[in-house]
Amino acid sequence: MVSHYNLIIVPVDGSESSARAATFGADLARATNSPLQLLHVYSPTSNEIMGMAHLPRERVESISHDSAVAAFAKARAAMNTEGLEVEEKSVWGEPREEIVAAAEATDALIVMGRRGLGQVRKLFIGSVSDAVLRNAHRPVTLVT
């Protein structure tokens with residue numbers, strides 16, 4: 002089968018919602034013969050940044066790496082990766098901006114959970130997924 006997408010990007014943050022999105026994204030990637038990228042955006046809160054200000058750079062990088070490893074592990078545990086090309090990518094930044102930029106740069110489809118680990122949990126749709134829907138010029142699939 003010919004691939005319909007250059008890439009399927011699944012943003013992951015360790016939440017149940019992103020694990021469900023990873024499962025859906027993996028199934029879609031398999032069905033369309035598309036590569037899959039798990040994208041973790043490390044975005045510490047201002048309090049976390051203040052707490053890390055005195056730490057050596059290596060320790061801050063280790064904290065970021067550990068966050069990504071945990072998010073990737075939860076996503077991989079939820080999905081069947083057999084026969085899939087799966088890349089893991091971790092970046093620092095504002096999740097809304099980094100997800101959109103990654104999709105625009107690679108002409109990708111975004112498959113993401115509707116609500117993650119963000120601070121605003123009361124909204125019907127998560128603030129990150131809402132911003133991605135409003136700003137991406139690429140197809141976006143939200144998984145509930």
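Residues in the sequence shown are numbered from 2 upward in steps of one, following the numbering used here.
From the three backbone atoms N, C-alpha and C, an ideal C-beta is built for every residue, glycine too.
Residues in the same chain with beta-carbon distance under 6 Å from residue i, minus the five sequence neighbours each way, listed in chain order, please.
{"i": "Lys75", "result": "Gly15 and Ala20"}
{"i": "Thr142", "result": "Val112"}
{"i": "Glu89", "result": "Leu39 and Phe73"}
{"i": "Met80", "result": "Ala23, Thr24 and Ala27"}
{"i": "Glu181", "result": "This structure gives no information on residue 181, because the portion of the chain shown stretches from 2 to 145."}
{"i": "Asn136", "result": "Val101"}
{"i": "Arg147", "result": "Nothing can be reported for residue 147, as the shown portion of the chain is limited to 2 through 145."}
Do you know how far the Cα of residue j is from the Cα of residue i?
{"i": "Ala54", "j": "Ser130", "result": "29 Å"}
{"i": "Leu124", "j": "Leu85", "result": "Confidence at Leu124 is low in this model, with a pLDDT of 47, below 50, so the placement of that residue is unreliable and no value is reported for it."}
{"i": "Leu29", "j": "Gly94", "result": "27 Å"}
{"i": "Arg31", "j": "Glu17", "result": "21 Å"}
{"i": "Tyr43", "j": "His66", "result": "9 Å"}
{"i": "Glu49", "j": "Val87", "result": "30 Å"}
{"i": "Ile111", "j": "Arg60", "result": "31 Å"}
{"i": "Tyr6", "j": "Ser128", "result": "26 Å"}
{"i": "Glu99", "j": "Leu39", "result": "13 Å"}
{"i": "Pro57", "j": "His41", "result": "22 Å"}
{"i": "Arg116", "j": "Val144", "result": "9 Å"}
{"i": "Asp108", "j": "Leu134", "result": "15 Å"}
{"i": "Gly52", "j": "Thr46", "result": "10 Å"}
{"i": "Ile64", "j": "Arg139", "result": "31 Å"}
{"i": "Arg122", "j": "Glu62", "result": "Confidence at Arg122 is low in this model, with a pLDDT of 47, below 50, so the placement of that residue is unreliable and no value is reported for it."}
Less than 7 Å between the beta carbons of residue i and residue j, yes or no?
{"i": "Pro12", "j": "Met113", "result": "yes"}
{"i": "Ala103", "j": "Ile9", "result": "no"}
{"i": "Arg97", "j": "Ala71", "result": "no"}
{"i": "Ala69", "j": "Ser91", "result": "yes"}
In the DSSP assignment, the alpha helix (DSSP H) including residue i goes from what residue to what residue?
{"i": "Met51", "result": "Ser47 to Met53"}
{"i": "Glu89", "result": "No alpha helix (DSSP H) contains Glu89, which is instead part of the beta strand (DSSP E) from Val87 to Trp93."}
{"i": "Leu134", "result": "Ser128 to Asn136"}
{"i": "Ala96", "result": "Here residue 96 turns out to be Pro, not Ala, going by the sequence shown. Pro96 -> alpha helix (DSSP H) spans Pro96 to Thr107."}
May I ask which residues mark the beginning and end of the beta strand (DSSP E) holding residue i?
{"i": "Thr142", "result": "Val141 to Val144"}
{"i": "His41", "result": "Leu37 to Tyr43"}
{"i": "Ser16", "result": "Run containing Ser16: none; DSSP gives neither H nor E here."}
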